[in-house]
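Visitor: Using full-length UniProt numbering, you'd call the opening residue of the sequence shown number 1 and step up by one each time.
Cβ atoms here follow ideal geometry from the backbone N, Cα and C, with glycine treated the same way.
Structure in structure tokens, see below.
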Amino acid sequence: MPTTMDVQRLTTLLPPAEGWGEVVHLSRVGSTNTAAATRGVLWSPVVTEHQTAGRGRLGRPWQDTPGASLAMSVLVPPVDPPGWLPLATGLAVRSALVSEGVDAHLKWPNDVLLPGDEDRKVCGILCQSQPDGRVVVGIGINVGHDRGDLPVGTATSLRLVGAHVDRTTVAATVLRHLRRQHTALTEGGDRAEEVRAAYAAACATLGRRVVLHRPDGTREEVETTGLDREGRLRVTGAHGSDTVAAGDVQHIRLPGASSS
Numbered sequence: 001m002p003t004t005m006d007v008q009r010l011t012t013l014l015p016p017a018e019g020w021g022e023v024v025h026l027s028r029v030g031s032t033n034t035a036a037a038t039r040g041v042l043w044s045p046v047v048t049e050h051q052t053a054g055r056g057r058l059g060r061p062w063q064d065t066p067g068a069s070l071a072m073s074v075l076v077p078p079v080d081p082p083g084w085l086p087l088a089t090g091l092a093v094r095s096a097l098v099s100e101g102v103d104a105h106l107k108w109p110n111d112v113l114l115p116g117d118e119d120r121k122v123c124g125i126l127c128q129s130q131p132d133g134r135v136v137v138g139i140g141i142n143v144g145h146d147r148g149d150l151p152v153g154t155a156t157s158l159r160l161v162g163a164h165v166d167r168t169t170v171a172a173t174v175l176r177h178l179r180r181q182h183t184a185l186t187e188g189g190d191r192a193e194e195v196r197a198a199y200a201a202a203c204a205t206l207g208r209r210v211v212l213h214r215p216d217g218t219r220e221e222v223e224t225t226g227l228d229r230e231g232r233l234r235v236t237g238a239h240g241s242d243t244v245a246a247g248d249v250q251h252i253r254l255p256g257a258s259s260s
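Here you go:
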């Protein structure tokens with residue numbers, strides 16, 4: 001199982017001189033998102049060894065095995081348009097995993113999938129807007145789980161694809177990528193366009209047929225045609241063209257290929 005997070009080294013990798021707040025390490029917490037929101041300090045990461053009440057998108061519970069996950073949250077300023085922050089967070093996680101030699105790609109909006117384990121999901125992300133406009137970004141990565149530790153058959157871990165990583169290093173790399181993406185989106189122009197292009201290149205959803213699961217419970221088979229400027233998914237189906245701001249997509253299995 002992974003060792004305890006090295007808070008001193010994480011602080012060195014995220015120094016106050018570069019605008020990072022205090023690294024808060026909790027042995028156990030209900031939700032790192034709640035803890036980060038309560039603290040109210042920008043770019044002050046909250047990390048934990050055991051999250052007992054984590055949530056994913058659409059309110060789904062995100063179960064945790066003590067010491068096996070990388071669970072952390074950080075409060076960040078808003079970006080415009082806001083829909084790009086969750087996508088950029090997924091891109092940050094994917095970039096960090098690739099730097100560790102892990103093959104990974106994205107499923108819209110921000111699921112991180114591992115082709116090495118039949119495109120199962122390795123990471124959960126939840127961005128929660130605060131009353132003052134700031135946003136808590138929550139990230140949970142399955143690191144050291146065995147198959148039996150995972151709550152659903154569509155989940156995986158880095159260990160299951162043979163990746164033995166240091167959680168402290170991965171935490172710092174994810175957060176640094178996230179901050180670079182955030183800065184680019186805030187600056188706008190060509191910098192923001194670079195983030196959008198990088199996301200499109202890493203997203204396996206674009207340009208394929210999927211089953212779209214909408215928040216109201218309806219499902220529709222559609223073809224994805226790209227993203228709009230808000231980060232919404234452009235689709236074409238039996239009822240014409242549409243843009244989708246929220247929901248899940250299921251990649252349709254092609255002959256000889258795995259599904260996700």
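For the beta strand (DSSP E) holding E221, just list the boundary residues, first then last.
Guide: In the sequence shown, the residue the question calls residue 221 occupies position 221. Run containing E221: R219 to L227, per the beta strand (DSSP E) assignment.
Visitor: What would DSSP say about L233, mapped onto helix, strand or coil?
Guide: Position 233 of the sequence shown, counted from the first residue, corresponds to residue 233. Looking at L233 - three-state DSSP - the assignment turns out to be strand.
Visitor: Using the Cα positions of D6 and A35, report the straight-line distance between them to the nearest angstrom.
Guide: Residue 6 sits at position 6 when you count from the first residue of the sequence shown. Residue 35 sits at position 35 when you count from the first residue of the sequence shown. Their Cα atoms are separated by approximately 19 angstroms.
Visitor: Which residue wins for smallest C-alpha separation from G140, given the options R232, G124 and H50?
Guide: Residue mapping note: residue 140 aligns to position 140 of the sequence shown, counting from 1. Of all alpha-carbon atoms in R232, G124 and H50, the one lying nearest the alpha-carbon of G140 is that of G124.
Visitor: Cβ atoms of P81 and N110: under 8 angstroms apart, would you say?
Guide: Along the sequence shown, one-based indexing puts residue 110 at 110. Along the sequence shown, one-based indexing puts residue 81 at 81. Not closer than 8 angstroms, so no.
Visitor: In its own chain, which residues sit with a C-beta less than 8 angstroms from the C-beta of A171, not counting the 5 before and 5 after it?
Guide: As a working mapping, residue 171 is identified with position 171 in the sequence shown. The residues are M5, L10, P45, V47, L70 and M72.
Visitor: Rounding to the nearest angstrom, what Cα-Cα distance links H25 and T168 in this structure?
Guide: Taking the first residue of the sequence shown as position 1, residue 25 is located at position 25. Taking the first residue of the sequence shown as position 1, residue 168 is located at position 168. H25 and T168: Cα-Cα distance of roughly 11 angstroms.
Visitor: How many Å lie between E193 and G226 at the Cα?
Guide: Position 193 of the sequence shown holds residue 193. Position 226 of the sequence shown holds residue 226. In a straight line, the C-alpha of E193 is about 14 angstroms away from that of G226.
Visitor: With which residues is S95 paired in a DSSP beta bridge?
Guide: Mapped onto the sequence shown, residue 95 falls at position 95. The partner list for S95 (beta bridge, DSSP) is empty, contrary to what the question assumes.
Visitor: Buried or exposed: where does R28 fall if 16 or more other Cβ atoms within 10 Å of its Cβ makes it buried?
Guide: Here residue 28 is taken as the residue at index 28 of the sequence shown, counted from 1. R28 comes out exposed.
Visitor: Any idea if H164 is buried or exposed, counting beta-carbon neighbours within 10 angstroms, 16 or more meaning buried?
Guide: Stepping through the sequence shown from its first residue, residue 164 is reached at position 164. Exposed, by the Cβ-count rule.
Visitor: In this structure, how does DSSP classify D248 when only helix, strand and coil are distinguished?
Guide: Locating residue 248 in the sequence shown gives position 248, counting from the first residue. Under the three-state reduction of DSSP, D248 is assigned to strand.
Visitor: Going straight from the alpha carbon of T205 to that of V23, what length do you get?
Guide: In the sequence shown, counting from the first residue as 1, residue 205 sits at position 205. In the sequence shown, counting from the first residue as 1, residue 23 sits at position 23. Roughly 35 angstroms between the two C-alpha positions.
Visitor: Tell whether a beta-carbon distance below 8 angstroms holds between R209 and T154.
Guide: On the sequence shown, residue 209 is found 209 positions in, with the first residue counted as 1. On the sequence shown, residue 154 is found 154 positions in, with the first residue counted as 1. No.
Visitor: For A71, which residues does DSSP report across the bridge?
Guide: Sequence index remark: in the sequence shown, residue 71 carries index 71 (1-based). Bridge partners of A71: T48 and G140.
Visitor: Which stretch, first to last residue, makes up the beta strand (DSSP E) that contains V24?
Guide: Taking the sequence shown and counting its residues from 1, one reaches residue 24 at position 24. Where V24 is concerned, the enclosing beta strand (DSSP E) stretches over V24 to L26.
Visitor: DSSP on R9, reduced to helix/strand/coil?
Guide: Counting from 1 along the sequence shown, the entry for residue 9 is found at position 9. Three-state result, R9: helix.
Visitor: With DSSP run on the structure shown, which of helix, strand or coil describes L206?
Guide: Against the sequence shown, residue 206 aligns to sequence position 206. DSSP places L206 in coil when its eight states are reduced to three.
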